[in-house]
Amino acid sequence: MAVLILASEPSDNIGMIGSMPGTSRTFREPTALLSLGFVLVVCASALLVPWLSPYMAGGLEEKRILEAPSWLHWMGTDGLGRDLLTRVCYGARVSMTVGLGTAIIALIIGTTYGLISGFKGGNLDNLMMRIVDIFYGLPDMLIFILLSLLLGRNIFGLLLALGLVSWVRFARIARGQVLQAKEFLFVEGARAMGASRRRIIWRHILPNILGPILVTLTFSIPSAILAESTLSFIGLGINDPYSTWGTSWGTLAQDGWRAMRTYPHVIFFPAGAIFLTILSFNTLGNALRDLLDVKGR
Amino acid sequence: MAAFLLKRFLHGIIVLWVVATLTFILLRLAPGGPFDRERRLPPEVMANIEAKFHLDESFFQQYLRYVAGMLRGDFGPSYKYLDRGVKEIIADSLPTSAILGGLAMAFALAISLPAGIIAAYYRDTVIDRFCMFFATLGISVPHFIIGALLIWVVALQFGWLQAGRWDQWSSAVLPTITLGAAPAAYLAALLRSTLIETLGEDFIRTARAKGVAERAVLLKHALRHSLIPLLTVIGPLTAALLTGSFVVEYVFAIPGMGRFFITAVTDRDYPLIMGVTLVYTVILVCANLLVDLLYGCVDPRIRTE
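In the order they appear, the protein sequences are chains A and B.
Its first residue numbered 3, the first sequence is counted upward by one per residue in our numbering.
Its first residue numbered 4, the second sequence is counted upward by one per residue in our numbering.
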């Protein structure tokens, strides 16, 4: 049953993305390696694009508007004659920052919450889990949109909003793991030897619950990327024309969406980037879950 | 059981209250107002508008007025559509969204049940891999990409269906597939893994030992047992359909609630945003209650707890 609880852990309300039960066996090392490679390529191109690309992020070429892919412009050009490959690479900065940043914020909030709740137990645990239950019942995409209105439609506002919405998953998993880890003999031993609470948590419990948390982390990256690109696509995402971060993949896809009938390449490449990145992280998550044997067996 | 359901019901009420309050606070704190224009309105006009919509009252008074309205089922006036109240807008658009959601759910079940069973029956073969490959794809593709792809291929390249209309049954085909793809993939993968796990149980071995055909073991003994975990995902599944419907309604220009929500957010149409958010929450809470109820029906052990 433990397997089920983890596998069917309602991944996230933002899409159904996340830990998918049972696909792991079908995707063994080659796909995981391929995914890791793709993620690394995306990260590298996001970091290195100013040096790799001969084009500027906003470099307009009036005579080369909406050109199909060619040797000069591998992904073609957009409606203002900007090199699409360069824009997609800059867009990777937004997506990766949002994905990793959100996951880390959610990790810190959620794990701390879950640790406290699980370690203290009793009435405090009850109360804290009630709160988590309530958060779980919220339509989080809506709350996320409203939060991002408040925090500002820039990358950091979005990061914070997404993090605040998705910490609950970590809290549940961390608490469950702590409850298990608390019962281990060596924890009892440490307590008997007079180890401080802080030492028990940091040295004995935390290292033992890292696996499931790491897996959750891997799965929350793609769901954050998905949420951000979706929001940008429907026009409620990052709206920061002066940003040096580049334009979100979702916004690029939205640009292409308007010209899809005649210039399908403008939506094809950003959409492909979003899809492949999410797919890679999901595959990596599955592989990691296998590797760390997070089955609660 | 009754006590348990009552507890869950109260929990649902609390969730609703939290959402209502949170939405209210978030909207009032967010910078920018519904009547901000490029050109400033004369202060007298502004004062009149604010008085009409009670925006001149204190924060707390507005909150009380809003909660009292909700309890009466009155969602207030829309700031944007001056001839229609929020209630009417929701009454008009909710059925559209509900039809879309229902169709997508049906589609997801129709695809995932056979796919999950077939994959489990032929586990670790090419057929299984094929099914699970599609499941992984289905989970990783965002709605707007599936939607755009379907429109491009089916509507633009082949001209089989028209996109961007909502006046006949055929216009629901593409949106339904778009919305239902991810849940279908998720359910198929879940059913497969549950079935495979169930096949390792003792009662399956007993059935096999009695000489029951493998097909019957799978379809009669294992499937019934595996349907219980599927119930748990009704809640998150409903949530996924709800949030997905925004994007799908946007992409296919369907006049549903999600589309109104998106324009309401851009317009800062507070009552409409709050109304739609609450309706979504009610649906979600009901779905979760339904799960609790079904659980009690299916698994007698839970009833006694």
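Glycine included, C-beta positions come from ideal geometry on N, C-alpha and C.
In this text the structure is predicted, and so the values were computed from the model without any measurement.
(Q) My assumption, with CB atoms under 8 angstroms, is that V217 (chain A) sits in contact with R291 (chain A). Please give the rounded CB distance. (A) 5 angstroms
Q.
Can you check which of these residues, A:F146, A:F283, A:M195, A:F158, is closest to V44 (chain A) by C-alpha distance?
A. A:F283
Q) Where R42 (chain B) and T266 (chain B) are concerned, what is the direct C-alpha to C-alpha distance, given to the nearest angstrom? A) Take the alpha-carbon of R42 (chain B) and the one of T266 (chain B): they are about 21 angstroms apart.
Q) Opposite T79 (chain A) in the DSSP bridges: which residues? A) A:D85
Q) Would you call C134 (chain B) buried or exposed, if buried means 16 or more other Cβ atoms sit within 10 Å of its Cβ? A) buried
**Q.** Per-residue burial, A289 (chain A) [other beta carbons within 10 Å of its own, 16 or more giving buried]
**A.** buried
Q: Could you check what DSSP says for P141 (chain A) in three-state terms: helix, strand or coil?
A: Per DSSP, reduced to three states, the secondary structure at P141 (chain A) is coil, with no helix or strand assignment.
Q. What is the residue span of the alpha helix (DSSP H) that N284 (chain A) lies within?
A. 267-293
Q: Can you tell me which of the three DSSP states P178 (chain B) falls into?
A: helix
Q) Does DSSP put G123 (chain A) in a helix, a strand or coil? A) coil
Q. Taking a cut of 8 angstroms between CB atoms, which residues from the segment 117-141 of chain B lie near chain A?
A. D127, D131, R132, M135, F136, A138, T139, L140
Q) Using a Cβ-Cβ distance under 9 angstroms, would G154 (chain A) count as near chain B? A) yes
Q) To the nearest whole angstrom, what separates the beta carbons of R177 (chain A) and S234 (chain A), a pair I think is in contact under 8 angstroms? A) Not really, about 33 angstroms apart at Cβ, beyond 8 angstroms.
Q. Between A:C91, A:I147, A:L140, A:W73, which lies nearest to L54 (chain A) when the distance is taken from Cα to Cα?
A. A:C91
Q: Given a cut-off of 9 angstroms, decide if S222 (chain A) and L109 (chain A) are closer than it, judged by their beta-carbon atoms.
A: Yes. Within cutoff.
Q: Could you work out which residues of chain C lie near N284 (chain A), taking near to mean beta carbons separated by less than 8 angstroms?
A: The displayed structure is made up of protein chains A and B, and chain C is not among them.
Q: Using the Cα positions of I257 (chain B) and I52 (chain B), report the straight-line distance between them to the nearest angstrom.
A: 31 angstroms
(Q) DSSP three-state label for L13 (chain B), please. (A) helix
Q) What residue range is occupied by the uninterrupted alpha helix (DSSP H) comprising V254 (chain B)? A) From DSSP, the alpha helix (DSSP H) with V254 (chain B) extends over 237-254.
Q.
On the DSSP bridge list, what partners appear for V71 (chain A)?
A. Note on residue identity: the sequence assigns Pro, not Val, to residue 71 (chain A). The partner list for P71 (chain A) (beta bridge, DSSP) is empty, contrary to what the question assumes.
Q.
Check whether the segment 175-193 of chain A and the segment 255-265 of chain A are in contact - that is, three or more C-beta pairs closer than 8 angstroms.
A. No: fewer than three Cβ pairs fall under 8 angstroms.
Q) Taking DSSP as the reference, what is the three-state secondary structure of P214 (chain A)? A) The answer is helix: DSSP assigns P214 (chain A) an H, G or I state.
Q.
Can you look up G88 (chain B) in the DSSP assignment and give me helix, strand or coil?
A. Assignment of G88 (chain B) by DSSP, reduced to helix, strand and coil, places it in the strand class.
Q) Is DSSP giving P98 (chain B) helix, strand or coil here? A) helix
Q) Taking the alpha carbon of W169 (chain B) as the point to measure from, which residue in B:C289, B:L221, B:V251 has its own alpha carbon closest? A) For W169 (chain B), the closest alpha carbon among the candidates B:C289, B:L221, B:V251 is that of B:V251.
Q. Excluding sequence positions up to five away, which residues of its chain have a Cβ less than 6 angstroms from the Cβ of A173 (chain A)?
A. G112, Y115, G116, V134
Q: Check whether the Cβ atoms of F137 (chain B) and A188 (chain B) sit closer than 9 angstroms, and answer yes or no.
A: yes
(Q) Is there a Cβ of chain B sitting closer than 9 angstroms to that of M131 (chain A), yes or no? (A) no
(Q) On the DSSP letters alone, give me the boundaries of the alpha helix (DSSP H) that G252 (chain A) sits inside. (A) 251-260
**Q.** Three-way DSSP call (helix, strand, coil) for P45 (chain B) in this model
**A.** coil
Q | Coil, strand or helix - P232 (chain B) by DSSP | A | helix
Q) Any beta-carbon of chain A closer than 9 angstroms to the one on W172 (chain B)? A) no
(Q) If the criterion is Cβ atoms closer than 9 angstroms, does the pair F264 (chain B) and T280 (chain B) meet it? (A) yes
Q.
So, with DSSP's three-state summary, where would you put L297 (chain B)?
A. helix
(Q) Strictly below 8 angstroms CB to CB, what residues from chain A border N291 (chain B)? (A) G139
Q) So is T220 (chain A) in contact with chain B if we call contact Cβ pairs under 9 angstroms? A) Interface flag for T220 (chain A) against chain B is unset, since no Cβ pair is found closer than 9 angstroms.
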